[in-house]
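For the sequence shown, the working numbering gives the first residue as 6, with consecutive numbering after it.
Cβ atoms here follow ideal geometry from the backbone N, Cα and C, with glycine treated the same way.
Predicted, not measured: the structure shown is a model, and the values here were computed from it.
Shown next, in structure tokens, is the structure this report addresses.
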Amino acid sequence: MKTGIIIQARLGSTRLPGKVLLPLAGKTVLECLLERLQSKKNDADIIIATTASASDDKIVNFCQENGFSYFRGSEQDVLARYYGAALQYGISVVVRITSDCPLLDVDLLDEMLDEFRLFSEVDYYSNCLKRTYPRGFDIEIFTFDSLRTAYENAIMPYEREHVTPYIWQNKKGYFKIKDKIGVEDYSHLRLTLDTREDYELINAIYEKNFNIIPTTNYSFIRKLYETNRGIFEVNKDIKQKGLNV
């Protein structure tokens, strides 16, 4: 079964426009995430799922210049964009990553993908429903069949925008869901990039640790938090956007 890490990326963010091209230690946010993902041990393909909007031509140009696979689809119907990307590249198992997570733990991704492949009849596996990991470490893994079912049946706008609610809400009992639970709870930490305050924190982490940052993992973040909690104060009051149900 072919596995694809599909990364949704666009420049039209409402709270922080152009965030995926913001600089981090001499590279863009998107470059930093891709650099981390290239250290993965699994055999998954990497695909950038961006929009058909002219404003996202910069992302496509970057992909073409650097040899990354990409797909262009709907800006608002992100579920259709994921379905189209998975269909075009023949993906059987989808790993969903968002481009605003430049500190994503690739070791955790490898671990979760290995676990998913060992599970019997699990349709959806993630660490972001019952949260113990920081925001910005979000990983969702699901089958193409589940994605297709969601694509064909989801009708609510929030289900189309956020890709997986039709699966994990599981209102009709179609899907077998499994959660990845960490030993310790660090879900109060924000390492995702939605606001200027988020960028200030992530940029500070990159600038102070630029020489080792491509290989850092969850244990590094935990240690950094326990020894230098002050830098995490800058975005602690930022509220995550809801689903607009």
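Apply the 10 Å Cβ neighbour rule to M117 and answer buried if 16 or more other Cβ atoms are within range, or exposed otherwise. Indexing the sequence shown from 1 puts residue 117 at position 112. Buried, by the Cβ-count rule.
Does the segment 149–157 touch the segment 189–206, meaning 3 or more C-beta pairs lie closer than 8 angstroms? In short, these stretches do not touch, since the Cβ pair count stays below three.
Helix, strand or coil for S131, going by three-state DSSP, please let me know. The sequence position of residue 131 within the sequence shown is 126, counting from 1. Strand, per DSSP.
Sufficient close CB pairs (3 or more, under 8 angstroms) joining the segment 92–112 to the segment 218–227: Counting Cβ pairs under 8 angstroms, three or more are found: they touch.
Residues bridged to Q13 (per DSSP): The residue given as residue 13 occupies position 8 in the sequence shown. Listed as beta-bridge partners of Q13 by DSSP are A54 and T103.
Per-residue burial, Q13 [other beta carbons within 10 Å of its own, 16 or more giving buried]: On the sequence shown, residue 13 is found 8 positions in, with the first residue counted as 1. In this structure Q13 is buried. Its beta-carbon is surrounded by 16 or more other beta-carbon atoms within 10 angstroms.
Is the separation between the beta-carbon of T137 and that of Y191 shorter than 8 angstroms? Taking the first residue of the sequence shown as 1, we reach residue 137 at position 132. Taking the first residue of the sequence shown as 1, we reach residue 191 at position 186. A contact, by the Cβ cut-off of 8 angstroms.
Give me the residue from L92, A49 and S60 with the minimum Cα distance to F73. Counted from its first residue, the sequence shown places residue 73 at position 68. The candidate whose alpha carbon is nearest that of F73 is A49.
Output the boundary residues of the alpha helix (DSSP H) element that contains E166. Here residue 166 is taken as the residue at index 161 of the sequence shown, counted from 1. Counting along the chain, the alpha helix (DSSP H) containing E166 begins and ends at P162 to E166.
Are Y129 and I172 touching if we call contact CB-CB under 8 angstroms? The residue you call residue 129 lines up with position 124 of the sequence shown. The residue you call residue 172 lines up with position 167 of the sequence shown. A contact, by the Cβ cut-off of 8 angstroms.
Under a three-way DSSP split, which group does F180 fall into? Reading the sequence shown from its first residue, position 175 is the one you call residue 180. In the structure shown, the three-state DSSP call for F180 is coil.
Can you tell me which of L26, D62, Y211 and I96 puts its alpha carbon nearest to the alpha carbon of D150? Taking the first residue of the sequence shown as position 1, residue 150 is located at position 145. Sorting L26, D62, Y211 and I96 by C-alpha distance to the C-alpha of D150 places I96 at the top.
How would you call S44, buried or exposed, if buried means at least 16 neighbouring beta carbons within 10 angstroms? Sequence index remark: in the sequence shown, residue 44 carries index 39 (1-based). The residue is exposed, with fewer than 16 neighbouring Cβ atoms inside 10 Å.
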